[in-house]
Every structure is written in structure tokens, then in C-alpha cells.
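**Q** Once you've had a glance at the structure underneath, I'll fire off some questions.
Encoded structure:
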């Protein structure tokens, strides 16, 4: 099983983790960190890509919900270590204190849908030169009645499964931090793989990897538009990220563009 992302609770920790040369590199849009935030979940529509990875490398796009050392993630990833192939696949992941697990490899996530495995292959992915990108829509939603955290898929809010609130300490209540964007991993001494569409941002949805329809759930469970955001990239020489407001008309107007070639020239 791949190692978990380093959990981060402050911008200072981003710097410390980056300087420690750990294996993960991020290019993300996030809600400004505030211990008084109360989020009951979040959502996104993410373009689907198939970045080239080798060996123990992996590359992913994820929605991340966090409080303290408790973390929930949903998204897509290319990960030979986890899946044994180089397909673009769905994934879910949780961290509860020192325990972490992907999909249903161990206890934690309770699958309720027989139609949608949490390691499903996205057979059709975006390609450069197409007029538009292919997408998947995902949500993490806290149950107001019992505190369980649900993974909902597509705009129909199909219930795929949930994490029971009992497995958490910090996430027995509301989340404080929300992130959208890309993450790439390689073990020590191995070049960093591409992220997203494998190119630096060019400013269009046909060629860039993106997360759009960024939304959060407030403490009452209502879905609201994202207001203020900040961006973070661990290594701007390898990856980029930008958050463009009002990129398209309508509700939920944030577009988080991200990606980059990594160190592919060294592969």
C-alpha cells in the first residue's frame, strides 16, 4: 500500500515538509486555514487524465477534507503500487490518527453500492487535442444525523459508501481544512512523475487538468459556493496551480487549474 500524504495543518508545515524532501509534491487550492472553520464536506468536478508513472511513483487528483490528523480523500489516481496497473482509477482514502487505508483494503470505509467499486477504472480519459475534457464529480458529505462521512458520486449524489464517525477523533465533528488539486509521489532518489495533464498550465479546459464546481458544505449541511481561497505548490519548477474565479458563468465559479511535467526528462 502506498504511504499516506504527510498531514499538514498550517502553511508553516507546508514549508517544513517541502524542505524535508519527503516523497509527495502538491499543487493545490485550499480554504484558508482557520481553527474556527466548520465544514460538513465539500465537492468538485475533476477532469480525468492518465499521467505516465513508473515503479513506485503515483500521480493523483483529490478532494481532501481534514481536521487535525484525521483526513478524508476522494479522487482519481494512477498508481501501480496500489492497483498493479497504470489505469486511471477511482480511489478513497482515510487517515485516522496513525492509521490509514485506501479503498477497502482494510476496515474503515463501508461500501454500500454494488454498482460502483471504489477502485473503478475510468476507461475514457481526457486527451490533448480534444475539444473538451472528460470529468467525474465527487462529494464528501457529513451525515447531519449520525456524523458519518459519505462519499457521493456524480451530480446525482449516488451513495458509494461511508466512513463511520467512530473511527475518528478530530473528524467526529466538523472539518477545518478543505483542499482541491493534484499530488505526485516518488520514493527517495526517484524523479517526480507528471501531474494532471502532464503540462504546465496554458489556461484552457481542453489541455489543463482542473477541478471545477468547487463547493463546501456548511455546518447546517447546505452546499455553498467557495469564497476565499489560497494556492500552494511545493515545487513550482515541476508543477503549477492557479485558481481562476468567474472562468465560466453560473454558480460555483472557481476553476482550480493544476499540473506539470515533473521530472519526466530524467526518466
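In our numbering, the protein residues as written are 1 to 267. Just so it is clear, CB atoms sit at the ideal spot from N, CA and C, and this is done for glycine as well.
What does the alpha-carbon distance come out to for the pair residue 71 and residue 42?
**A** In a straight line, the C-alpha of residue 71 is about 13 Å away from that of residue 42.
**Q** Determine the contact status of residue 193 and residue 51, defining contact as a CB-CB distance below 8 Å.
**A** Contact flag set, yes.
**Q** Once you ignore the five residues that flank residue 161 on each side, which residues in its own chain have a CB closer than 6 Å to its CB?
**A** Correct list, in chain order: 109, 110, 111, 112 and 151.
**Q** Could you give the distance in angstroms between the alpha-carbon of residue 26 and the alpha-carbon of residue 238?
**A** Cα to Cα, the separation comes out at about 10 Å.
**Q** Under 6 Å Cβ to Cβ from residue 170, same chain only, skipping five residues before and after it: list those, please.
**A** So the qualifying residues of the chain are 67, 68 and 70.
**Q** How many Å lie between residue 219 and residue 212 at the Cα?
**A** Each residue's alpha carbon lies about 22 Å from the other.
**Q** Exposed or buried, what is residue 245 when buried is set at 16 or more other beta-carbons lying within 10 Å of its beta-carbon?
**A** When all chains shown are included, residue 245 counts as exposed.
**Q** Given a cut-off of 8 Å on the beta-carbon distance, is the pair residue 2 and residue 82 in contact?
**A** Yes, the Cβ-Cβ distance between residue 2 and residue 82 is below 8 Å.
**Q** What is the rounded straight-line gap between the Cα of residue 183 and the Cα of residue 75?
**A** Roughly 11 Å between the two C-alpha positions.
**Q** Using a Cβ-Cβ cutoff of less than 6 Å, which residues in the same chain neighbour residue 29 once the five nearest sequence positions on both sides are dropped?
**A** Only 180, 181, 229, 231, 243 and 256 meet the Cβ criterion.
**Q** Do residue 217 and residue 40 count as a contact pair if the criterion is CB distance below 8 Å?
**A** Taking 8 Å as the Cβ cut-off, residue 40 and residue 217 qualify as a contacting pair.
**Q** If I measure Cβ to Cβ from residue 95 and keep anything under 6 Å in the same chain, skipping five residues before and after, which residues do I get?
**A** The answer, listed in chain order, is 4 and 71.
**Q** Exposed or buried, which one is residue 210 when buried takes at least 16 other CB atoms within 10 Å?
**A** Buried.
**Q** Nearest by alpha-carbon distance to residue 252: which of 176, 130 and 44 is it?
**A** Nearest option by C-alpha distance: 44.
**Q** Please name the residue or residues paired with residue 89 in a DSSP beta bridge.
**A** Note: residue 89 sits in a beta bridge opposite 77 and 121.
**Q** Going by beta-carbon coordinates alone, are residue 134 and residue 125 separated by less than 8 Å?
**A** Yes, they are a contact pair.
**Q** Taking Cβ to Cβ, would you say residue 56 is nearer than 8 Å to residue 186?
**A** Yes, the pair counts as a contact, with Cβ atoms nearer than the cut-off.
**Q** With distance defined between alpha-carbon atoms, name the residue in 32, 24, 79 and 36 nearest to residue 226.
**A** If we check each option's Cα against that of residue 226, 32 comes out closest.
**Q** So residue 58 and residue 79 are in contact, right, with Cβ under 8 Å, and what is the actual spacing, rounded?
**A** Their Cβ separation, rounded to whole angstroms, is 4 Å, which keeps residue 58 and residue 79 in contact under 8 Å.
**Q** Measure the alpha-carbon distance for residue 88 versus residue 48 and round it to whole angstroms.
**A** In a straight line, the C-alpha of residue 88 is about 8 Å away from that of residue 48.
**Q** Once DSSP output is grouped into helix, strand and coil, what is the label at residue 225?
**A** Reduced to three states, the DSSP call for residue 225 is strand.
**Q** Taking residue 168 as the reference, which of 234, 155 and 100 has the closest Cα?
**A** The option with the nearest alpha carbon to residue 168 is 100.
**Q** Beta-carbon within less than 7 Å of residue 206's beta-carbon, same chain only, minus the 5 sequence neighbours each way: which residues are those?
**A** So the list reads 130, 131, 132 and 133, once near-sequence residues are dropped.
**Q** What residue from 138, 143, 158 and 97 has the CA that sits closest to residue 114's CA?
**A** For the residues 138, 143, 158 and 97, the minimum Cα distance to residue 114 belongs to 158.
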